[in-house]
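Down below is the structure, laid out as C-alpha cells.
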Amino acid sequence: MSVALEAVGSALVGLVELPFRDGYVPSIVVVSLYVSLVAVSLSTLVSVPVAVTMGFLEFPGKSLVKSVINTGMGFPSVVVGLVVLFAVSNQGPLGSFELIFTREAMILSQFVLATPPITAISLAAITGVDDGVREAASALGGTRIDVALVVLKEARYGIATAILAGFGRAISEVGSVLIVGGNITSADGISKTRTLTTAIQLEARQGRYETAMILGAVLVVLVLTVNTIVVRLSDNGVTR
Amino acid sequence: MYRRVDGVSMSIQRRRFVAALGAGATVAAAGCTGDTTDGETNESGSNGDTTAQVGVAGETLTLTTTTSTYDTGLLDAIHTDFEDLYGVSVDAVAQGTGAALESARNGDADVVMVHARSLEDEFMRNGYGINRRDLMFNDFVIVGPEGDPAGIEGASSATDALTTIADAQAPFVSRGDNSGTHTKELVLWEEAGTQPGGDWYQETGTGMGEALNIANQQGAYTLSDRGTFISQRAEIDLTILVQGPIEGGPEILANPYGVMAVNPGVHDNANYDLAMAYIGWITSPGAQDAIADYQMNGEQLFFPEAISEEPDFQQYVPEGWQSDSASE
Amino acid sequence: MLRVTDVTHAYDAEPVLTDVSLAVDPGEVLALIGPSGVGKTTLLRILGLSLEPTAGTVAFDETDVWAADTARRRALRRRTGTVFQAASLFDASVARNVEYGLRVRRPWRERIRSGIRGLVGGEDAPASVRDALDVVGLPDAASRSADSLSGGEAQRVSFARALAYDPDLLLLDEPTSDLDPRNTAVVEDAVERARARDIGVVVATHDMNQAERIADRVAVLLGDGVTEVGLTEAVFDDPRDDRTRQFIAGELVY
C-alpha cells in the first residue's frame, strides 16, 4: 500500500519531467487514441442500428442475441485478443491480409470489445423511452423510420453514455492490443503499435512502477478529457 | 573418429555461404554508406533514391524476441543502423521466448532471436528455423538477500547452490513462463537432480524486472540475467551470490543468444531476403562491435560471439547433432 | 366521414368491445362516455385507424380501411390526429413538437434540406405551428423547451401538435382528466375551434358534465358494446336504456 502511495506521489512530481525520449509519450497517446476512436466509431455504426432493430422488432432468437451481448460485456479482453490473433495470424483465416502486429488488428479486437457495451446500453436507453412517445410519434403520422428517429433522439443521452462506455472499455484495455499488436515502437522510440496501456505494462514488467504510474495518470487524464468533452457537447443540446 | 566427408563438406559449405552472405551484406552496406554519408547526391538524385538500388528497400522485418532482450534497449540502440543501411524498418516484438518462437512457427515473424538453446534446437529440428547463428552472450547470476540465509555465497557450482537452497527450503522465485531464464533455471534443477516444489518455490509468471521486485520484497533467491539485474540494482536490496562466467563463475550459467531465419520453405510469406540481410548484418564485425559497446549503467551487457577465427559448427545445428547419428 | 360497423375487439379471450357501430362526421363532436376500463381507449384507437378490430369494418371516406393496402391505409391514417391522456411530448422545443406532424408529411429531400438549414441558422416556426399554438392559447411558447412546461401547458401543446397539420379527424383520449379547471377550459375551447374548422372530433371522457358541455352526440359504453348513441340532450334527458340512466345518475359503479 505504501509502495503505491509513494509511487503516486512521485508520479505526480514526475508528471513535470517525463523520463522518456522526445516524442515517445505523444506517439503512444496518438496510437491509443487512433485505435480506440476508430474502433468505437465503427462499433457505433454497427451497434446503434442493431440496438434500434432489437428495440423495435421481435424476431426468433432475440433473447439469445441479448444473452450473447450481455456476456460480451464482461468478456476478458485477453481472450478476445487470442481469438483475433488466431484469426489474423498467418495460419488463420484472415492471414492473407497480413494484419498481425498492426494497428488494424488492434482496431478489430477493440471493435469486438466495444460493441457489446455500446449495443446493450443503447438498447436499454431505447427501450427505456416512454411508450407514450412511441405511440404519439406513430399516431401523428410517422412511419416506422420516423418513429425510430424520434426514439433515437429521445434516447440520445443514453446512447452517448453507451458510446463513452465503449470508449472507456477500449482505451483502457491491455490484453488484446498487446497480443495482436505486439507493443512495437520504431528504434527511435516512436510508437507503431504501442498504446498507453501496453506501455504501462512494459514499464511494470521491468519493475519501473513509478514510470508506469506516470503513464497511468496520463491515461486517466485522457479518458477524463474525452468524457468531459462528450458530456459538455450533450449538455449544449439541452437548450435546443 | 573419422567423419563422413559429406557431413564435413556440408558444414563447410554452409559456413562459407553464411560468411559470403555476411561479406556480401557488409559490402552492400559499405556501398550504401559510401553513397549516403558524404551527403552528395548521386546520379539518381536525392539521397532517398540510393536505397532504391537495394531489393528489400521499403520493407518491414518482423523480429520476435524475448522481453529481457528487448528491455535492455540494445535493439533500439543498434537497429537504426540496419534500417538506414537498407531503407527498411524493423518491427521488434518483445513477446517472451515461448511466444516469440510460436509466432515464428506460425509464420507471423521473419526472424527470431532468443536465448533458450534447447527450444531453438527443437525449432530447428521441426524445420521452422534455418541459418542459425550464435549472436552474443551474457550470463545469469543467482541473486538473493544480503543475509544469505541458505549460505550459498561464492559457490563455484550453480547446481550445488540450488540444491542448498532447496534443502534449506529458502524462498525462491521462479519465472515460471518458459522464458529463456526459466528454461535455464529448469536445466539447472535437472542437472542438480532436484525437483523444486513446495511453499518456498514460487512461480510468478511475470517479467524479470517484476520477478526481481517480488524476490526483493520477500527476501527470496532468484535466477536473473545479468542485464536486468544491473538495471535494477539501485532499487533493490538483492545482491549477486553466485557469479556467472563473465565474472569467473560456473560455465553452466552462460546465457548465449541465437538468431534464426524463419524457413521460407514452410512459410512462403516470410521475408527471407530481409531476414538474411538482418542476420548477415548483426553477425558482421560492425554490428558485433556495436553490441559490445552497448552499456547499461556503465557496464557492458553483451559479449559478441558471432565472429571467430576458429570454426564453430555447433551454432548451425541442434546441439549434439551429427549427420550419422541414427536418433536424429 | 368515418363509420365503424359491428366492431368487436378482443385482446385475448375476453372481448373488450362487442358489435359497436358508430359514425363521425366533419364538424361535429362525438363524446365516448363510460367508466374507466370499459374500452374507450381501444375504441379510440380503432377509430384512429391504428388498431385493427378483431371483427367488423372500419370505413373512412367510404374506403374499407383494413382491406386496403398499407400505403393507402397510411395515407388515411395521416388524416387523423390523436391527443393522449398523457401529453407524451418529445424532448425538444415546443415548436419542434408541434411541427412534427407537418415534418413527417413532407418528402424526405425537403426534410433533409430544411434540417440542414435549421442547423446552420434557425428557421422561424411555420405559420401553421403558430396558428395551432394560438388555438390552445400559447402563442409565445414556440421556443420554450418541452420539459419547461407545466402539466396543463404540455397537454395544450399536445393538442396543438395534433392540430397543426390540419387533420380531418381528431381523437382525444381523456384530454383533461389531469388538468385544472382553467386548462380544461382552454382545451374545451380549442375543441370548439376545431369543430368550427369542420374537423370531426371524438372525445373519450368519463366526465359527463364535460360531455354535456362540448359534445353534439354521445356514445355511451357500459361494458359490452355501445348502449346508446344519440344527440347529447336526448341521451342525457331521456336515456332509453336503464343502465344508461343509472350511469348518468351516477349510480353505476364498476
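Residue numbers (my numbering), protein chains in the order written: chain C, 1 to 240; chain Z, 1001 to 1328; chain A, 2001 to 2254. Ideal Cβ positions, reconstructed from N, Cα and C, are used throughout, including at glycine.
One or two residues paired with residue i in a DSSP bridge
i	result
I1130(Z)	A1261(Z)
I159(C)	Its beta-bridge partners do not exist; DSSP assigns none.
G2081(A)	L2170(A)
R2003(A)	A2023(A) and A2059(A)
H2009(A)	L2017(A)
Q1300(Z)	Q1295(Z)
A1094(Z)	T1065(Z)
A2032(A)	A small fix is needed here, since residue 2032(A) is Leu in this sequence, not Ala. For L2032(A), which the question treats as bridged, DSSP gives the partners A2204(A) and A2219(A).
L1238(Z)	P1145(Z)
Q1202(Z)	V1173(Z)
T1222(Z)	V1143(Z) and V1173(Z)
D2064(A)	A2059(A)
T44(C)	For T44(C), which the question treats as bridged, DSSP gives no partner whatsoever.
V1114(Z)	G1258(Z)
S2145(A)	S2093(A)
Collapsed DSSP secondary structure at residue i in the structure displayed
i	result
N1213(Z)	helix
L1061(Z)	strand
G1180(Z)	helix
A2092(A)	coil
T1036(Z)	Its pLDDT being 40, under 50, T1036(Z) is placed unreliably by the model, and nothing is read from it.
V2294(A)	With chain A covering only 2001 through 2254, there is no way to say anything about residue 2294(A).
I259(C)	Lying outside 1 to 240, the shown extent of chain C, residue 259(C) is not represented and no answer is given.
L2049(A)	coil
E1122(Z)	helix
S109(C)	helix
S2114(A)	helix
V1018(Z)	Low per-residue confidence applies at V1018(Z): pLDDT is 49, beneath 50, and the placement is therefore not dependable enough to give any value.
T1041(Z)	Low confidence applies here, because T1041(Z) scores a pLDDT of 40, under 50, leaving its location unreliable; read the following figure in that light. Looking at T1041(Z) - three-state DSSP - the assignment turns out to be coil, as it is neither helix nor strand.
L2043(A)	helix
L1135(Z)	strand
T102(C)	coil
T2054(A)	coil
S176(C)	helix
G1320(Z)	coil
A1029(Z)	In this prediction, A1029(Z) has a pLDDT of 46, which is less than 50 and means its spatial position is unreliable; what the coordinates show is noted afterwards. DSSP places A1029(Z) in helix when its eight states are reduced to three.
T185(C)	strand
S234(C)	helix
S1089(Z)	strand
I1307(Z)	coil
F59(C)	coil
G168(C)	helix
A2164(A)	coil
Proximity test, Cβ basis, 8 angstroms: residue i and chain B
i	result
D22(C)	No chain B is present in this structure, whose protein chains are C, Z and A.
> Just by C-beta distance, which residues in the stretch 2094 to 2105 of chain A are closer than 9 angstroms to chain C?
Replying inline: For the stretch 2094 to 2105 of chain A, the set of positions with a beta-carbon nearer than 9 angstroms to some beta-carbon of chain C reads R2096, Y2100, G2101, R2103, V2104 and R2105 in chain order.
>> To test your reading of the DSSP string, which unbroken beta strand (DSSP E) runs of 3 or more residues are found completely within the stretch 1251 to 1298 of chain Z?
In response: Listed in chain order, they are 1254 to 1262.
>> Extract the residue ranges of the beta strand (DSSP E) inside the stretch 2175 to 2240 of chain A, only unbroken runs of 3 or more that lie entirely within it.
In response: Runs of the beta strand (DSSP E) lying entirely within the stretch 2175 to 2240 of chain A, each at least 3 residues long, are 2200 to 2205, 2217 to 2221 and 2226 to 2231 in chain order.
>> If the cut-off is 7 angstroms on Cβ atoms, which residues from the stretch 90 to 105 of chain C count as contacting chain Z, listed in chain order?
In response: With the criterion set as a beta carbon lying under 7 angstroms from some beta carbon of chain Z, the members of the stretch 90 to 105 of chain C are N90, Q91, I100 and F101, in sequence order.
> Counting pairs of Cβ atoms below 8 angstroms between the stretch 186 to 206 of chain C and the stretch 1201 to 1212 of chain Z, do you hit three or more?
Replying inline: Contact holds: three or more Cβ-Cβ distances are below 8 angstroms.
> Should the stretch 1127 to 1136 of chain Z be called in touch with the stretch 1219 to 1226 of chain Z, which here means at least 3 C-beta pairs below 8 angstroms?
Replying inline: No, the stretch 1127 to 1136 of chain Z is not in contact with the stretch 1219 to 1226 of chain Z.
> Is the stretch 85 to 93 of chain C close to the stretch 2042 to 2059 of chain A, with three or more CB pairs under 8 angstroms?
Replying inline: No, the stretch 85 to 93 of chain C does not touch the stretch 2042 to 2059 of chain A.
>> Restricting to runs no shorter than 4 residues, where is the alpha helix (DSSP H) found entirely within the stretch 1137 to 1177 of chain Z?
In response: Fully contained in the stretch 1137 to 1177 of chain Z are the following alpha helix (DSSP H) runs of length 4 or more, in chain order: 1158 to 1168.
> Do the stretch 1100 to 1109 of chain Z and the stretch 1061 to 1071 of chain Z touch if we need at least three Cβ pairs shorter than 8 angstroms?
Replying inline: Cβ pair count under 8 angstroms is three or more, so yes.
>> Check whether the stretch 2079 to 2086 of chain A and the stretch 2108 to 2121 of chain A are in contact - that is, three or more C-beta pairs closer than 8 angstroms.
In response: Per the Cβ contact rule, the stretch 2079 to 2086 of chain A is not in contact with the stretch 2108 to 2121 of chain A (fewer than 3 Cβ pairs under 8 angstroms).
> Which of the residues in the stretch 1190 to 1214 of chain Z, read from start to end, lie with their CB under 7 angstroms from any CB of chain C?
Replying inline: Of all residues in the stretch 1190 to 1214 of chain Z, T1206, G1207, G1209, E1210, L1212 and N1213 have a Cβ within less than 7 angstroms of some Cβ in chain C.
> Is it a yes or a no for the stretch 57 to 66 of chain C touching the stretch 157 to 167 of chain C, going by three-plus beta-carbon pairs under 8 angstroms?
Replying inline: Using a C-beta cut-off of 8 angstroms, the stretch 57 to 66 of chain C makes no contact with the stretch 157 to 167 of chain C, since fewer than three inter-stretch Cβ pairs fall below that distance.
> Can you list, in chain order, the residues of the stretch 2047 to 2071 of chain A whose Cβ is nearer than 9 angstroms to any Cβ on chain C?
Replying inline: Under the 9 angstroms Cβ criterion, the stretch 2047 to 2071 of chain A contributes G2048 and S2050.
> Touching or not, the stretch 1172 to 1185 of chain Z and the stretch 1277 to 1287 of chain Z, by the rule of three or more beta carbon pairs under 8 angstroms?
Replying inline: No contact exists between the stretch 1172 to 1185 of chain Z and the stretch 1277 to 1287 of chain Z.
> Going along the stretch 1224 to 1243 of chain Z in order, which residues come within less than 9 angstroms of chain C, judged by CB to CB distance?
Replying inline: Per Cβ criterion, the list reads T1228, S1231, Q1232, E1235 and I1236.
> Using 8 angstroms as the Cβ pair cut-off and three pairs as the minimum, do the stretch 2192 to 2210 of chain A and the stretch 2017 to 2034 of chain A touch?
Replying inline: Contact check between the stretch 2192 to 2210 of chain A and the stretch 2017 to 2034 of chain A: three or more CB pairs, one atom from each, fall below 8 angstroms, which counts as touching.
>> Assess contact between the stretch 1256 to 1275 of chain Z and the stretch 1153 to 1171 of chain Z, defined as three or more Cβ pairs (one per stretch) separated by less than 8 angstroms. Is contact present?
In response: No, the stretch 1256 to 1275 of chain Z does not touch the stretch 1153 to 1171 of chain Z.
>> So, does the stretch 1108 to 1122 of chain Z touch the stretch 1242 to 1253 of chain Z, judging by three or more C-beta pairs under 8 angstroms?
In response: Taking 8 angstroms as the limit for Cβ pairs, the verdict is that the stretch 1242 to 1253 of chain Z does not touch the stretch 1108 to 1122 of chain Z.
> Does the pairing of the stretch 1136 to 1148 of chain Z with the stretch 1292 to 1306 of chain Z give three or more beta-carbon distances under 8 angstroms?
Replying inline: Yes, since at least three Cβ pairs between the stretch 1136 to 1148 of chain Z and the stretch 1292 to 1306 of chain Z fall closer than 8 angstroms, the two stretches touch.
> Which of the residues in the stretch 26 to 53 of chain C, read from start to end, lie with their CB under 8 angstroms from any CB of chain Z?
Replying inline: Answer set for the stretch 26 to 53 of chain C: empty.
> What are the complete alpha helix (DSSP H) segments, minimum 4 residues, inside the stretch 107 to 146 of chain C?
Replying inline: 131 to 139, all fully within the stretch 107 to 146 of chain C.
> Is there contact here, the stretch 2062 to 2075 of chain A with the stretch 2243 to 2252 of chain A, by at least three beta-carbon pairs under 8 angstroms?
Replying inline: Result no; under three Cβ-Cβ pairs closer than 8 angstroms.
> Is there contact here, the stretch 2149 to 2156 of chain A with the stretch 2003 to 2018 of chain A, by at least three beta-carbon pairs under 8 angstroms?
Replying inline: Judged by Cβ distances under 8 angstroms, the stretch 2149 to 2156 of chain A makes no contact with the stretch 2003 to 2018 of chain A, as fewer than three pairs qualify.
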